[in-house]
Every structure is written in C-alpha cells, then in structure tokens.
Amino acid sequence: MSTYQKAVKASKVVTGSQTVKESQAIKESSPRMSSKDGTGDCGCGTGPGYATPLDAMKGPRERLIYVPCILTGSGTQSPDYLGTVDVDPESPTYCQVIHRLTMPYINDELHHSGWNACSSCFGDSTKKRNRLVLPCFGSSRIYVVDTGTDQRAPRLCKVIEPREVFQKCNLAFLHTSHCLGCGEVIISAMGDPLGNAKGGFVVLDAETFEVKGNWERPSQAAPQGYDFWYQPRHNVMISSEFGVPKFVVSGFNTADLGKGRYGRRLNVWDWTTHCLIQSIDLGEDAMPLEIRFLHNPDAAHGMVGCPIQGAVFHFYKTQDGCWTAEKVIQIPNKKVSGWLLPEMPAFNADIIISLDDRFMYMSNFFHGDIRQYDITNPFCPRLVGQVWVGGSIPKGGVVTVLEDQELDGQPDPFMIQGRRVYGGPEMLQLSLDGKRLYVTNSLYTPWDKQFYPEMVREGSVMLQIDADTEHGGLCLNEDFLVDFGTEPFGPARAHEMHYPGGDCTSDIWF
C-alpha cells in the first residue's frame, strides 16, 4: 500500500475510484483532443479540449497567451486591453505582445477570464472554444471576445453592461468565469452593486451570452465570494471568500482585521440543487482566494491558499459525505521594520496544480518566491522547488528583515536582462506538460499601488520558470521576458493568463 493510500485509509476520505495515474493509465497511448493544436473542433466527432487531464498533458506546446493588461489607475485615462503574447520560441516575435484588443471603456479593471466551452464539453461536437469571457472586477461589465476567427488578433463581439447584471442578478465585483457542460457560463461575484458582501453567481447563455439570472437559489448567496471550482462527479461546487468589496477596493487596511471584512470560509454547494449546504471556517481573516480541485474528476480533494495566514488548506470529502479542511502548509511570517505590520506574511496569492495532480505551484506576493510542492500525498505536501523573482524584502529597500526562519539574509533585487523587476509573483499558468510555469506580478490596482508603486509606474512583467517534473526543482529562464513597461499606451500591469486551447485553470472534466 502506498503512502497516499495509507493516508487516505487512515483519514477515512472519499477519493473516487482511483488516482489520476491509475484510472487513466490505459488512456495514455495518445492524446484525445479536439484538433491538432487543441484549440477547437476538427470535425472528428469531438468537442473542445481533451478527453482526460492526462490526454491534455500530451497536447501541443503553448504558442500564444492571452493576458489582461491593466491601465486602470495609471493616470493615462486609457482603457484596459487584452494582450496576445507570442510564447513560441521558434517565432520571430517570441516574447512580444503581438496584438492588443482595447476595451471601449476606462476603469474596468480587467482581472480574470474564462471560456464559453472547455473540456467539460469534450463529447459535444457542436461546441467550440472560440469565445473568451472577461468579467470586470471594477466596473462589473462583461466583455465577450471572439478568439476563433483569428487567434492572433482577437476581436470584441459583445459587451454586457453593468446595469443588466445589477438588474437581473443584484451582483457586482465580478471575478471568476467557468464554462459548464450544459451550454452555460457562470461568473462569481464578490458583492452587490453597493459594495456589500454577497457571494453569488451570474449565469450566461454560452451561445447568446444573455444574462439568464443567478445560479444560486433565492436568498442562498454565500456571506462573501471570490473564486470557485466544481467537481460534478461528487455533486459539489466550492467557493472562496476575499472580503467585503467596499473595503477591499481601498487596499489592505490593518484596521479592517478582526472585523469580518476579510473572508474566512469555504462555501460548499450542492451542484444539482444550487443550494449552499455547508461552510468550512478556516479562521478569522484567513482570506481564502484561489481554489483548486485536483484535475482527476473522480478525486474528492483540493487545495486553497490563504494569503494573510500564509497557509494552504487541503479540503476533502469525508466518509459521511461532508467536506472538511486541514492546514497542510504554513509559511512563517518574517519579522520586519519599515512595513505595514511588524510581521510580514507570505501572501500566497495564487496556486496551480499540474494536470497529473502531482505538483502544486504557489506564488508569494510579499515574500517574493515561487514554490513547487509534491502533493502526491495531499495530506503532507513536500517542498521540492523554490525560486525568488521579486517581492518586498530585497536588499536596499525600505523593509528590513529582523528575523527570518527560512533565509539567512535578504535576497538581492531581482534583475533579468538588465531590467529591475518590481512587484511580487502573482498569477501563475502552467504548460500542459507541466514543464514551464508562466508568472505575472500584478495583483489588483489599489493593492499594487499600496505595496509596489514602482511597478505601477514602470509596468509589470511576464516570466517563465522551468520546472523539473522528475525530481522537483525550479529555475528561472533568463531568456524569457515580456516587459509590459514598454507598451504603446504606457506601462501596463499583466494579470491572469490563458492559452487558446485550454489550460490548468480553465478546464474541468466531467
């Protein structure tokens, strides 16, 4: 019996029938995908994406990345835009933004995005992954972008105005978008139009992009909202909580701690009835953000990062059918001077899990490092790789580290290709084969201004980290740099990344 199996048996958890490697080993001979580049329907009787996560791992190397580029709050009075980045090392425009789709309004705060269809629709040949849905965190507007006509030059095909979302759903401060297998898209919200906390979900028709209403049942919204992920084989969706929008939009205020203004729960939903059935308390001001189930659709396990705590919780289904969570990673705070608080948390803002469910990657926005954990046993993750790419504690800065349980001294300022990089690692995207990790370093305009004003002034970057998938280990690719400080509309800040053909954060398997 393996260590993982022993841990599962001892904890009396439901894992589904098998692990990813066990349940899909017979499917590894060739990737079942919807086209040669994994981007759409090939007319061979399948829908978008891949049949299984392991099939996806054998998909083609990424060549393009779509990334929102933020000019909100920069003083330029220019709109945010969707950048198309060439990441094909054989291309003459490698590491360049080759197209910019400018939005028609200013101050939208583009943030996250999702598809009209993904691997959840793999068996439906009528579906195509050809529309990118971009909800706006600042304006609550929703943009629908046509990526199917020309992947290298996306075009705007629909704008859903905030008033329609307000009137039909009474929701605002939109965040995560996921497609479903039933021809709908759902978008999570953090609050109502007045900035009060309200964890609800907007439903769009995935063909017409009409706002259909709320996903949650009447009066069933969660206390707060942010991210979400669903696992249909366990009839469950779980959402997380950032905080109360009217406080979050002003930046991180220590006076808000201990007052219920930052999130603390994972909210568990019945996937079929849309009822909120359970809340898991992770502690005061835990602020659970990005939530990731394991990709194996049989798995009843996942991870969520809690930035203020500097912790990661493993959540899982118990034998009695309920869900629970245990802290499995705790990054020590650093005692500092010259900062907002006497102790600086890691602020692990993003996590991502490889498609074989073997590795989890985590970005620490304040401490400045990216970590690789072996999560073969999700009850006991092992740190196997680490690299520093910025953060708030470099030598010569305003912060002095007084006591550090992990480092012997403060790291040098982060430089790449002669460019000083400000900001800390934030959003992550992993190549399908798990060997390349892409990183951007902008969080959210008010928080960027508060913690990294130099980055707002000079623009953010996109980096690439090489990942050792045999033994573990991370290494910065010194030859890869996308510098958003030299953009034609002024220095921009890049956030979440997606590939045209799907990836580790957009695709869910039924």
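Sequence positions in the sequence shown follow this note's numbering and run 526 to 1035.
Backbone N, C-alpha and C fix where the C-beta goes; we use that ideal spot for every residue, glycine too.
- Inter-segment contact for the stretch 610 to 625 and the stretch 635 to 648 is absent: fewer than three beta-carbon pairs are separated by less than 8 Å.
- Distance from residue 814 to residue 830 at the Cβ level is roughly 6 Å; contact confirmed, criterion being Cβ atoms closer than 8 Å.
- Here the stretch 880 to 890 does not lie against the stretch 788 to 807, with fewer than 3 beta-carbon pairs under 8 Å apart.
- For residue 979, DSSP assigns no beta-bridge partner whatsoever.
- Bounds of any beta strand (DSSP E) do not take in residue 781, whose DSSP letter is neither H nor E.
- The Cβ atoms of residue 895 and residue 886 lie closer than 8 Å to each other.
- Residue 715 is bridged by DSSP to nothing; it lacks a bridge partner.
- Residue 589 is not a Cβ neighbour of residue 654, given a cutoff of 8 Å.
- Taken in chain order, the whole beta strand (DSSP E) runs of length 3 or more contained in the stretch 579 to 614 are 589 to 595 and 606 to 611.
- In summary, residue 923 is exposed, with fewer than 16 beta-carbon neighbours lying within 10 Å of its beta-carbon over all protein chains present.
- Looking at the DSSP output, residue 908 sits in a beta bridge with 898.
- With respect to residue 1019, residue 987 sits close: the two C-beta atoms are nearer than 8 Å.
- Assignment of residue 838 by DSSP, reduced to helix, strand and coil, places it in the strand class.
- Comparing C-alpha distances from residue 586 to each of 972, 1003, 965 and 960 shows the shortest one belongs to 960.
- Listed in chain order, the beta strand (DSSP E) elements of length 3 or more contained wholly in the stretch 717 to 752 are 726 to 730 and 736 to 739.
- Where residue 687 is concerned, the enclosing alpha helix (DSSP H) starts and stops at 687 to 694.
- The C-alpha of residue 632 is placed about 20 Å away from the C-alpha of residue 680.
- According to DSSP, residue pairing for residue 999 in a beta bridge involves 992.
- Residue 687 and residue 998 have their C-alpha atoms spaced approximately 44 Å apart.
- In this model, residue 949 and residue 976 are separated by some 9 Å (Cα to Cα).
- Residue 744 and residue 810 have their C-alpha atoms some 24 Å from each other.
- Sorting 702, 1004, 635 and 732 by C-alpha distance to the C-alpha of residue 725 places 702 at the top.
- Taking C-beta atoms under 8 Å as the contact rule, residue 755 and residue 713 fail to qualify, at a distance of about 11 Å.
- Residue pairing from DSSP places residue 683 in a beta bridge opposite 669.
- Closest in C-alpha terms to residue 958, from the list 985, 1028, 917 and 892, comes 1028.
- Within the model, the alpha-carbon separation for residue 613 versus residue 672 is close to 18 Å.
- Look at the stretch 915 to 987 and you find these whole runs of alpha helix (DSSP H), each 4 residues long or longer: 970 to 976 and 978 to 983.
- Counting C-beta pairs with one atom in each stretch, the stretch 861 to 868 and the stretch 919 to 939 have three or more that are closer than 8 Å, which means they touch.
- Beta-bridge partners of residue 848 (DSSP): 842.
- Going by C-alpha positions, residue 838 is about 29 Å away from residue 634.
- Check the Cα spacing between residue 967 and each of 663, 777 and 636: the tightest is with 636.
- In terms of Cβ geometry, residue 979 and residue 947 form a close pair [threshold 8 Å].
- Short of 7 Å from the beta carbon of residue 652, and not among the five residues preceding or following it, lie these beta carbons of its own chain, in chain order: 572, 573, 642 and 646.
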